[in-house]
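Participant: The opening position of the sequence shown corresponds to residue 810 in my numbering, with each subsequent residue numbered one higher. We treat Cβ as the ideally placed atom computed from N, Cα and C, and that holds for glycine.
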Amino acid sequence: MTDKVTIKGKFFHIIYHQDGNLFTVARFRLYDMTEKNIIVTGFLPELPFDTLYILNGTYIEHPKYGMQFAIESYEKQLPTDYDSIISYLSSPLFPGIGKRYAEVIVESLGPDALIKIKADPDLIDTIPKINQKRKQSILNGICEQDDLGQAIQFFSSHGLGIRNIMRLDRIYGKDALNVIKDNPYRLIEEVDGIGFKTADKLALTMGFAYDSPQRIEAYVLSILLEKCVRNGDSYLSYDDYRNSVMHNIKDVEYDFDQIVIKLAKRRQIIIEDSRVYHFTQYDAEEYISMFLTSKQNVIYEYPDETEVDQHIKQFQDEIGIIYDDKQINAIKMFFKEDAMILTGGPGTGKTTVVRALVELFKRIYPYLSLAVCAPTGRAAKRLSELTDVPATTIHRLLQWDLETNTFGSNENNPLTKDLLIIDEFSMVDQWLFYNLLKAGQNFKKILIIGDEDQLPSVGIGCVLKDIINSNVFPLIRLDKIFRQVEGSNVITLAHQVKNGNCDILKDGKDVKFIESDQYRTKQVIINLVEEAFVRGYGANEVQIMAPKYSGVCGIDALNSALQKTCNPADPLKRELQVGYRIYRENDKILQLKNQPDDDIYNGDIGTLVEIVYAGETDARYNTLIIDFDGIFVQYTPESFINITHAYCISIHKAQGSEYPIVIMPVLDQDKRMLNRRLLYTGITRASKSLVMIGSIDVFLTAINTMDHYARKTTLTQRIIARG
């Protein structure tokens, strides 16, 4: 990758600096819609962190540390709000304008162009090269956004990026300026995606004192939530909370105990015994435990056991399957109980049991409705194919709004469903389940399905484990392995790893471990992929998974190398460079964030089918068109941050999906992240064949390493107390 590139942004962390020759390794935040952090290297003097720089150089792949930007020259750029205004004017809100003409507008009328035009629309005619189409676009944009132009000018001059400005407009509308001028720290609580650092920078530039009570209280509150989010905990002990605050806030005087009392009076935190909760997580635990233990209003009669037996026998005859005693017990229990948990590892028959449960429910209660959902789009699709019932993501079911992080279905607008079935429940965090139950006043029956040995949710809590540990709800744990023929060795290995051993590796035909060091592993993976292609497998049937993004065999480096094998450069395929990535038509693409308006969700995988260059459309910006199983989504520069290549993905992103062939590096560079649960989750993604490459010693150590950190929650205790 040797093409010369120019990037703009700010340095925010020095990793290494040599005083002698000034060689520097630093973290650099791009000044664009992505706001992505990258590693840059070069010979640089000491640099201020809050200054805009233009860097010229090339993206290179370091053999040990992965992708970096090598600086050849740089120049300082004076701070200006022109860039934010230009970004705004060239956004989709003003179709047909584009970056070049946005610059013309700003050069002609200044950074307050929108305010001037709103006051005197005739000024549009003074802009060079204006035409009717552009004129109408500007007028429509101003009309639709009302006072946003003034907000753009104010917030951008105080260092707030265009993406966050758009969020403020969505939430506060025309009151945004007055609301934020009064107390910018309220953004932390009210605007998803804005944390203390962003709000604090805005507040300080607006003249708020460094030791103002508002600032200190906001900082203390943010430390609680940030530490809980980082560790997945529901709470901090009072002493841990105090120590964390003392460690972070050192240069001003404050009374920690008094601040905590103030926050508790405002119910921003909840103190229970010696535990301190952010109010959102306390409310989540309380509501989940209350909902699950309260008797729901049942408007139908439970079926007679003889009737259920007849339906089971008839269904077995129809599909040619004989259920064992535990599976039949699960089906019968489902019809007896208002809430039930079905858990088990791969190959233990969960899917066939769920298939029967859904079909028999429809036959016995044809007048009742079902909500069938899963955390990810791919898991929902699999569930839909299995049950022959439309399944959806939880976020879509709840009509989630991305910008405001709110749900259209809630306690005031509940779901009109009688039965709730949730699959891949180990991935569901406490806050999401809380919001699902708030919208579930009409639920008569809940079925929770999941594998308790997989990774916990990315968000706070370990809800599946907590509910199981309460011993309050009926639990069917399937443990007999049925799927022996098509993927027996993979399934056997998964169950062995769960128990801390791996005898099957010695003679397994569907699993293989190839010893390799981290510098040869990349080529070994490429060779395996090429062999799979020769055997007739496609790129979507072979999935490489790695624990982390950085490093010589990290996700970024492997994606760059695998693209050359899976989708090599071709004069007939268009390309577009976005940072160090080159997107090419026919690339395999991973969705990184939920986009509910497009019905695309985190973890979905699609194919890049078309690249449209900026000069080919009236909009004047590059566009990627990606096909997600028949759903075509357009991506413009502000949404490029939502995608990446999918030749190699993280084990977390793969959760909820299955692939015929899984290839997974297990290397010394990853040993700090590896543990039994992570490896088990990765192994269970393979439906036919699994190949691991790396160090067998690292693998053996990992399967005997339990979770590095046990999450602190009190949901189990709350359920027991209410149950």
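1. Tell me the rounded alpha-carbon separation between S946 and C1037.
2. By Cβ distance below 6 Å, which residues in the same chain neighbour I1409 in space, the five residues on each side in sequence not counted?
3. Measure the Cβ-Cβ separation of I1364 and I1458 and say whether it is below 8 Å.
4. Out of F1234, V1181, D1092, state which residue places its alpha-carbon closest to the alpha-carbon of A1200.
5. Roughly how many angstroms separate the alpha carbons of V1338 and V1351, rounded to a whole number?
6. Have a look at D1134 and P1175 and give me their C-alpha separation to the nearest angstrom.
7. Quick check: the Cα distance between Y981 and N949, rounded to an integer number of angstroms?
8. So what does DSSP say about A985, is it helix, strand or coil?
9. Nearest to I1529 by alpha carbon, out of A1378, N1513, A1165, E1095?
10. In this structure, does DSSP put L1381 in helix, strand or coil?
11. Does the Cβ of M1055 have 16 or more other Cβ atoms within 10 Å, making it buried, or fewer, making it exposed?
12. Note down, in chain order, each residue of its chain lying with its Cβ closer than 8 Å to the Cβ of L815, except the 5 sequence neighbours on either side.
13. Where does the unbroken alpha helix (DSSP H) through V1343 begin, and where does it stop?
14. In whole angstroms, what separates the C-alpha of S1046 from that of I1502?
15. Just verifying my parser: in three-state terms, what is the DSSP assignment at E999?
16. If you follow the beta strand (DSSP E) that A1183 is in, where does it begin and where does it stop?
17. Please identify the residue among D984, Y840, I880 whose C-alpha is closest to the C-alpha of P854.
18. Hey, how far is the Cα of P1356 from the Cα of P1474?
19. According to the neighbour-count rule (16 or more other Cβ atoms, all chains shown, within 10 Å of its Cβ), is K990 buried or exposed?
20. Would L1273 and G1249 qualify as a contact pair, given that the criterion is a beta-carbon distance under 8 Å?
21. Looking only at its chain, what residues have a beta carbon closer than 6 Å to the beta carbon of S1053, apart from the 5 residues adjacent to it on each side?
22. State the Cα-Cα distance for the pair D1541 and D1060, rounded to the nearest angstrom.
23. Quick check: what's the CA-CA separation for M876 versus R1172?
24. For the region 1214 to 1231 and the region 1410 to 1422, state whether three or more C-beta atom pairs, one from each stretch, are separated by less than 8 Å.
25. If we count the other Cβ atoms within 10 Å of its Cβ and call it buried at 16 or more, is V1167 buried or exposed?
26. Specify the secondary structure class of R1485 as computed by DSSP and reduced to three states.
27. Pair every Cβ in the region 985 to 1003 with every Cβ in the region 1012 to 1027, then say whether three or more of these pairs are closer than 8 Å.
28. How long is the line joining the alpha carbons of E1146 and L1284, rounded to whole angstroms?
29. Quick one, which of I1068, L1179, P937, Y1328 has its alpha-carbon nearest Y910's?
30. Distance check for A1303 and P1543, CA to CA, integer angstroms please.
31. Output needed for Q1077: all residues of its chain with C-beta closer than 8 Å, excluding positions within five of it in sequence on either side, in chain order.
32. Relative to the C-alpha of P1184, which candidate in H1461, F820, T1522 has its C-alpha closest?
33. Take every Cβ of the region 1114 to 1124, pair it with every Cβ of the region 1065 to 1073, and state whether three or more of those distances are shorter than 8 Å.
34. Output the distance between the C-alpha atoms of V1162 and I1258, rounded to the nearest integer angstrom.
35. One question on the structure: do R1390 and K1382 come within less than 8 Å of each other, judged by their Cβ atoms?
Facilitator: On the basis of the data shown:
1. Residue 946 sits at position 137 when you count from the first residue of the sequence shown. Residue 1037 sits at position 228 when you count from the first residue of the sequence shown. Inter-residue distance for S946 and C1037 is about 45 Å (C-alpha atoms, whole angstroms).
2. Indexing the sequence shown from 1 puts residue 1409 at position 600. Residues of the same chain with a CB within less than 6 Å of the CB of I1409, apart from the 5 flanking positions on each side, are Q1400, F1437, V1442 in chain order.
3. Residue mapping note: residue 1364 aligns to position 555 of the sequence shown, counting from 1. Residue mapping note: residue 1458 aligns to position 649 of the sequence shown, counting from 1. For the pair I1364 and I1458, the CB atoms are nearer than the 8 Å cut-off.
4. Position 391 of the sequence shown, counting from 1, holds the residue named residue 1200. Residue nearest to A1200 within the set F1234, V1181, D1092 is V1181 (criterion: CA-CA distance).
5. Translated into the one-based positions of the sequence shown, residue 1338 becomes position 529. Translated into the one-based positions of the sequence shown, residue 1351 becomes position 542. Between V1338 and V1351, the alpha-carbon positions lie close to 7 Å from each other.
6. Translated into the one-based positions of the sequence shown, residue 1134 becomes position 325. Translated into the one-based positions of the sequence shown, residue 1175 becomes position 366. Rounded to the nearest angstrom, the gap between the Cα atoms of D1134 and P1175 is 26 Å.
7. As a first step, residue 981 is located in the sequence shown; it is residue number 172 there, counting from the start. As a first step, residue 949 is located in the sequence shown; it is residue number 140 there, counting from the start. Each residue's alpha carbon lies about 20 Å from the other.
8. Within the sequence shown, the letter at position 176 stands for residue 985. Here A985 carries a helix assignment [DSSP, helix/strand/coil].
9. Residue numbering aside, residue 1529 sits at position 720 when the sequence shown is read from its first letter. Relative to I1529, the option among A1378, N1513, A1165, E1095 whose CA is nearest is E1095.
10. Numbered from its first residue, the sequence shown carries residue 1381 at position 572. Correct three-state label for L1381: coil.
11. Against the sequence shown, residue 1055 aligns to sequence position 246. When all chains shown are included, M1055 counts as exposed.
12. Here residue 815 corresponds to residue number 6 of the sequence shown, with the count starting at 1. The amino acid occupying residue 815 in the given sequence is Thr; Leu does not appear at that position. Around T815, the same chain offers I863, L864, N865 as residues with beta carbons nearer than 8 Å, after the five sequence neighbours per side are excluded.
13. Within the sequence shown, the letter at position 534 stands for residue 1343. Unbroken alpha helix (DSSP H) run through V1343: 1327 to 1343.
14. The sequence position of residue 1046 within the sequence shown is 237, counting from 1. The sequence position of residue 1502 within the sequence shown is 693, counting from 1. Taking the straight line from one Cα to the other gives about 41 Å.
15. For this step, residue 999 is matched to residue 190 along the sequence shown. It is helical.
16. Here residue 1183 is taken as the residue at index 374 of the sequence shown, counted from 1. The continuous beta strand (DSSP E) containing A1183 extends over residues 1179 to 1183.
17. For the purposes of this step, residue 854 is identified with residue 45 of the sequence shown, where counting begins at 1. Of the candidates D984, Y840, I880, the one whose C-alpha sits nearest the C-alpha of P854 is I880.
18. In the sequence shown, counting from the first residue as 1, residue 1356 sits at position 547. In the sequence shown, counting from the first residue as 1, residue 1474 sits at position 665. Approximately 8 Å, taken between the alpha carbons.
19. For this step, residue 990 is matched to residue 181 along the sequence shown. Taking every protein chain shown into account, the CB of K990 has fewer than 16 other CB atoms within 10 angstroms, so this residue is exposed.
20. What you label residue 1273 is simply residue 464 of the sequence shown in a count that begins at 1. What you label residue 1249 is simply residue 440 of the sequence shown in a count that begins at 1. Cβ atoms of L1273 and G1249: not closer than 8 Å.
21. The residue you call residue 1053 lines up with position 244 of the sequence shown. So the qualifying residues of the chain are I1032, K1036.
22. Absent from the structure is residue 1541, since the part of the chain shown begins at 810 and ends at 1532.
23. Here residue 876 refers to the residue found at position 67 of the sequence shown. Here residue 1172 refers to the residue found at position 363 of the sequence shown. Taking the straight line joining both Cα atoms gives about 56 Å.
24. The answer is no - the region 1410 to 1422 does not touch the region 1214 to 1231, with fewer than three Cβ pairs under 8 Å.
25. Position 358 of the sequence shown holds residue 1167. V1167 comes out buried.
26. Here residue 1485 corresponds to residue number 676 of the sequence shown, with the count starting at 1. DSSP places R1485 in helix when its eight states are reduced to three.
27. By the Cβ criterion, the region 985 to 1003 is in contact with the region 1012 to 1027, since at least three pairs of Cβ atoms, one from each stretch, lie closer than 8 Å.
28. Residue mapping note: residue 1146 aligns to position 337 of the sequence shown, counting from 1. Residue mapping note: residue 1284 aligns to position 475 of the sequence shown, counting from 1. Between E1146 and L1284, the C-alpha separation is close to 11 Å.
29. The residue labelled residue 910 in the question sits at position 101 within the sequence shown. Of the residues I1068, L1179, P937, Y1328, the one whose Cα lies closest to the Cα of Y910 is P937.
30. The structure shown does not extend to residue 1543, since the chain spans only 810 to 1532, so no value can be given for it.
31. Here residue 1077 corresponds to residue number 268 of the sequence shown, with the count starting at 1. Taking Q1077 as the centre and dropping the five residues before and after it, the same chain places the C-beta of E998, L1030, H1087, F1088 closer than 8 Å to its C-beta, in chain order.
32. In the sequence shown, counting from the first residue as 1, residue 1184 sits at position 375. Measuring from the Cα of P1184, the nearest candidate turns out to be H1461.
33. Not touching, per the Cβ criterion.
34. Translated into the one-based positions of the sequence shown, residue 1162 becomes position 353. Translated into the one-based positions of the sequence shown, residue 1258 becomes position 449. One C-alpha to the other measures close to 11 Å.
35. Locating residue 1390 in the sequence shown gives position 581, counting from the first residue. Locating residue 1382 in the sequence shown gives position 573, counting from the first residue. No, Cβ-Cβ distance for R1390 and K1382 is not below 8 Å.
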